[in-house]
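Residue numbers (our numbering): 35 to 180.
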């Protein structure tokens, strides 16, 4: 009977270890980067009306390769965060159109000059992606925010 007791304790130890590691993994910092699906053909920006959709009354669209490349770089270097972003209304909605015809909708909470900004995928607003202050300044220049 001692053999069964040892196996039982080993099984319980492994189960407890697995559960502990799973819980620790769920609490880990969310440092993922934003991903783009394909080559971007255009980026359009509108004032946001809040969560739950995308305002398609765009006030500016970018099709120039230089501007698209700059925005792609900003998006690809944004770092994921576990903070709930839905406490504040987004400032802008962004439609990314790919060469293959697909689209991505984003919300942007644009920080003041020298502050961080946050991007969120439309429909996944609880997962924010933080942009450093230097990129916020570049975004403010592109969107023509004083």
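C-beta atoms are modelled at their ideal positions from N, C-alpha and C, and glycine is treated no differently.
Where does residue 97 fall in DSSP's three states?
coil
Could you tell me whether the Cβ atoms of residue 129 and residue 159 are closer together than 7 Å?
no
Is the region 144 to 157 in contact with the region 91 to 98, if contact means three or more CB pairs nearer than 8 Å?
no
For residue 171, which option in 136, 151, 43, 78 has the closest C-alpha, if you only look at C-alpha atoms?
The residue from 136, 151, 43, 78 with its alpha-carbon nearest to that of residue 171 is 151.
Return the first residue and the last residue of the alpha helix (DSSP H) that residue 173 is part of.
First-last of the alpha helix (DSSP H) with residue 173: 167 to 177.
Counting along the chain, where does the beta strand (DSSP E) carrying residue 119 start and finish?
Careful: residue 119 lies outside any beta strand (DSSP E) and carries neither H nor E.
Among residues of its own chain, excluding the 5 on either side of residue 104, which ones have a beta-carbon nearer than 8 Å to its beta-carbon?
172, 176
Counting C-beta neighbours from all protein chains within 10 Å, is the total for residue 86 16 or more, i.e. buried, or is it exposed?
exposed
Under three-state DSSP, which class holds residue 111?
helix
Residue from 134, 88, 139, 77 with nearest C-alpha to residue 100
77
Please classify residue 108 as buried or exposed, where buried requires at least 16 other C-beta atoms within 10 Å of its C-beta.
buried
If the criterion is Cβ atoms closer than 7 Å, does the pair residue 82 and residue 125 meet it?
yes
Excluding five sequence neighbours on each side, which residues of the same chain lie with their C-beta closer than 8 Å to the C-beta of residue 59?
Confidence in residue 59 is poor, its pLDDT being 48 and thus under 50, which makes the residue's placement too unreliable to answer from.
Could you please give the first and the last residue of the uninterrupted beta strand (DSSP E) stretch that includes residue 140?
137 to 143
Cβ shell of residue 166 (< 7 Å), same chain only, five flanking positions each side left out:
150
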